[in-house]
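For reference, the structure is listed below as structure tokens.
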Amino acid sequence: MIRFAIISASVVFGASLACAEGIAPQQVQFEDGAIAASLTGVAGDPVSGAELMNKGSGNCIACHAVTELEHLAFHGEIGPPLDGVADRWTEEELRGIVADAKQMFEGTMMPSFYKVSGFTRLGDDYTGDAHPGGEVTPLLTGQEIEDVVAYLMTLKEE
Amino acid sequence: MRRKDRMRNQVALGLAISALAFGASAEPDDDRLVVNGEIEMVTETAAPEHMEGVKTIYSGWRFRSDETQAFQIDDFDNPSMIWVETAQEVWETPEGAADKSCSSCHEGVESMAGIKAVYPKWSDAAGKVVTLEQQVNNCREERMEAEAWKYDGGDMTNMIALLASVSRGMPVNVAIDGPAQSTWEQGKDIYYTRFGQLEMSCANCHEDNYGNMIRADHLSQGQINGFPTYRLKNTKLNAVHARFKGCVRDTRAETFKPGSPEFVALELYVASRGNGLSVEGPSVRN
Chain A
195 MIRFAIISAS VVFGASLACA EGIAPQQVQF EDGAIAASLT GVAGDPVSGA
245 ELMNKGSGNC IACHAVTELE HLAFHGEIGP PLDGVADRWT EEELRGIVAD
295 AKQMFEGTMM PSFYKVSGFT RLGDDYTGDA HPGGEVTPLL TGQEIEDVVA
345 YLMTLKEE
Chain B
196 MRRKDRMRNQ VALGLAISAL AFGASAEPDD DRLVVNGEIE MVTETAAPEH
246 MEGVKTIYSG WRFRSDETQA FQIDDFDNPS MIWVETAQEV WETPEGAADK
296 SCSSCHEGVE SMAGIKAVYP KWSDAAGKVV TLEQQVNNCR EERMEAEAWK
346 YDGGDMTNMI ALLASVSRGM PVNVAIDGPA QSTWEQGKDI YYTRFGQLEM
396 SCANCHEDNY GNMIRADHLS QGQINGFPTY RLKNTKLNAV HARFKGCVRD
446 TRAETFKPGS PEFVALELYV ASRGNGLSVE GPSVRN
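Protein chains in written order, with our numbering: chain A, 195 to 352; chain B, 196 to 481.
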């Protein structure tokens with residue numbers, strides 16, 4: 195929340211600041227589904243990334259199985275297992291997939307974790323009520339995306 | 196384009212590996228449902244012609260664990276039946292300024308056999324598609340001169356459970372053509388709309404992924420032939436629009452209201468995806 199507020203403020207006060215503070219969801223540039231630069235300039239933390247795989251707004255294992263996280267109950271089968279995912283994709287591609295998978299896979303069911311507009315009947319969290327209007331918080335912050343990507347980069351088999 | 200092809204191969208390969216690694220069941224089971232040793236339920240049949248993406252339709256019962264399934268095999272074990280009995284009494288109890296009960300006009304509740312199977316349906320009098328709940332409230336207000344029940348409240352859901360119980364085993368057969376068609380089309384649009392911050396449609400979960408696990412949940416086709424359902428999770432009878440509301444809420448969307456024109460249209464459409472399955476309500480789910 196707080197981080198997002200800072201990012202938005204920097205959007206208003208100038209592009210150079212925005213660079214220093216990070217890239218807001220509306221500013222992200224995709225190239226072939228990938229995002230070249232870090233969203234925050236701060237290296238991702240794979241330990242925090244692993245936690246996001248399991249809970250909160252990440253909850254990636256709701257849809258993906260990860261053998262290394264087998265100690266956690268109930269892995270989903272909606273998306274492909276993520277074992278060895280770092281052998282298949284570059285860091286830039288993984289950043290793009292986690293931020294907005296629809297850029298890489300047209301029509302995919304995977305939610306867009308770093309997106310703040312273009313929704314139909316956007317709700318207020320999980321209350322079922324309408325979003326109160328104003329700023330929309332993305333499912334994951336820029337740093338959380340970096341953390342998840344850092345964790346995915348550890349999933350190598352080759 | 197090249198990227199997507201590459202992806203598809205990996206998905207196929209990946210899914211095979213995941214089935215091995217986690218041993219999850221990706222299919223409905225093969226169990227047969229015979230209630231009370233006499234009502235033979237059709238829990239699997241060819242999809243109705245209007246469905247393009249699905250060949251075979253299954254009752255949600257087929258996706259539940261053996262323990263959950265067992266609750267529905269005998270009325271003695273089905274917790275819904277307490278409320279069916281309550282509604283049976285209400286059926287015969289006069290209420291409202293006209294001092295009439297349901298039985299004043301309809302005699303025994305057995306006269307309602309087959310009704311649940313064809314609702315929602317077009318009503319000439321109302322000039323729109325109506326649900327069974329709306330029909331019940333219409334009788335209460337117009338004929339009994341009693342107050343309408345809350346759309347998805349306990350009194351109403353109990354009565355719907357009673358009405359469903361006398362249609363059990365009969366094939367769902369809602370009409371989608373004629374004057375109902377535009378409502379049906381509207382429901383279909385809603386079914387395929389990706390709602391909320393998670394941008395998910397009914398079809399994402401219940402057409403594209405039935406049989407798959409989403410976290411701890413084994414996804415069914417989201418059929419409504421079993422409604423009302425007793426859920427072990429909240430230990431009460433659940434109305435169909437309450438279930439729709441929960442599923443839409445889970446996409447981080449603003450839901451529609453129980454009884455709203457949108458949910459009536461969605462109910463007609465979802466019911467039509469189950470044409471040919473048996474009326475199973477009141478059923479038991481987790």
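Backbone N, C-alpha and C fix where the C-beta goes; we use that ideal spot for every residue, glycine too.
- Only buried fits Ala-341 (chain B), as 16 or more other CB atoms lie within 10 angstroms of its CB.
- Per DSSP, Ala-244 (chain A) is one residue of the alpha helix (DSSP H) stretching across 240-248.
- Rounded to whole angstroms, Pro-315 (chain B) and Val-325 (chain B) show a C-alpha spacing of 5 Å.
- Here Ala-448 (chain B) is buried. Its C-beta has 16 or more other C-beta atoms within 10 Å.
- Restricting attention to A:Glu-264, A:His-325, A:Phe-313, the CA atom closest to the CA of Ala-244 (chain A) is found in A:Glu-264.
- For Val-367 (chain B) against Leu-472 (chain B), the beta-carbon gap comes to about 5 Å, under 8 Å, which counts as contact.
- Collapsing the DSSP output to three states places Trp-317 (chain B) in a strand.
- Three or more Cβ pairs drawn from the segment 376-384 of chain B and the segment 452-464 of chain B lie within less than 8 Å of each other, which places the two stretches in contact.
- Shown here, Arg-480 (chain B) sits in a strand according to DSSP, grouped into three states.
- Contact note: Phe-390 (chain B) reaches chain A through Thr-314, Arg-315, using a C-beta cutoff of 7 Å and chain order.
- Residue pairing by DSSP places Val-229 (chain B) opposite B:Glu-235 in a beta bridge.
- At a cut-off of 9 Å, the C-beta of Phe-268 (chain A) has a neighbouring C-beta in chain B.
- The beta-carbon separation of Met-303 (chain A) and Asn-407 (chain B), rounded to 11 Å, does not stay under the 8 Å limit for a contact.
- With a 10 Å radius around the Cβ and a threshold of 16 neighbouring Cβ atoms, Asp-347 (chain B) comes out buried.
- Boundaries of the alpha helix (DSSP H) around Leu-357 (chain B): 349-360.
- In the DSSP assignment, Asn-273 (chain B) falls outside any alpha helix (DSSP H) and carries neither an H nor an E.
- A check of alpha carbon separations from Trp-256 (chain B) across B:His-436, B:Phe-451, B:Arg-426 identifies B:Arg-426 as the nearest.
- Non-local C-beta neighbours of Leu-276 (chain A) in its own chain, meaning closer than 8 Å and more than five positions away in sequence, comprise Cys-254, His-258, Ala-259, Val-260, Leu-346, Leu-349, ordered along the chain.
- Closer than 9 Å to the CB of Ala-448 (chain B) there is at least one CB belonging to chain A.
- Listed in chain order, the positions of the segment 299-332 of chain A with a beta carbon within less than 8 Å of a beta carbon of chain B are Phe-299, Glu-300, Met-303, Pro-305, Ser-306, Phe-313, Thr-314, Arg-315, Leu-316, Gly-317, Asp-318, Asp-319, Tyr-320, Thr-321, Gly-322, Asp-323, Ala-324, His-325, Val-330.
- Between Glu-222 (chain B) and chain A, the shortest Cβ-Cβ separation is not below 9 Å.
- At a cut-off of 9 Å between beta carbons, Ile-255 (chain A) contacts chain B.
- Within chain A, the residues whose beta carbon sits less than 8 Å from that of Lys-440 (chain B) are Gly-322, listed in sequence order.
- The beta-carbon of Leu-393 (chain B) is placed less than 9 Å from the nearest beta-carbon of chain A.
- About 4 Å separates the Cβ atoms of Ser-415 (chain B) and Phe-258 (chain B), confirming a contact at the 8 Å cut-off.
- In the same chain as Lys-311 (chain B), and ignoring 5 residues on each side of it, the C-beta atoms closer than 6 Å to its own belong to Leu-358, Ala-359, Ser-362, Val-474, in chain order.
- Interface residue (Cβ-Cβ distance to chain B less than 9 Å): Ile-229 (chain A) is not classified as such.
- In its chain, beyond the 5 residues on either side, Ile-419 have a beta carbon closer than 6 Å to the beta carbon of Val-465 (chain B).
- Contact between Gly-322 (chain A) and Lys-440 (chain B) holds: CB atoms are separated by about 6 Å, below the 8 Å threshold.
- DSSP places Lys-440 (chain B) within a helical segment (H, G or I) once states are collapsed to three.
- When the alpha-carbon of Thr-314 (chain A) is set against those of B:Glu-239, B:Phe-390, B:Ser-478, the nearest one is in B:Phe-390.
- Among the residues of the segment 404-419 of chain B, those with a Cβ less than 7 Å away from any Cβ of chain A are Asn-404, Asn-407, Met-408, Ile-409, Arg-410, Ala-411, in the order of the chain.
- Using a Cβ-Cβ cut-off of 7 Å, Asn-399 (chain B) is close to Met-303 of chain A, given in chain order.
- Rounded to whole angstroms, Leu-316 (chain A) and Arg-282 (chain A) show a C-alpha spacing of 34 Å.
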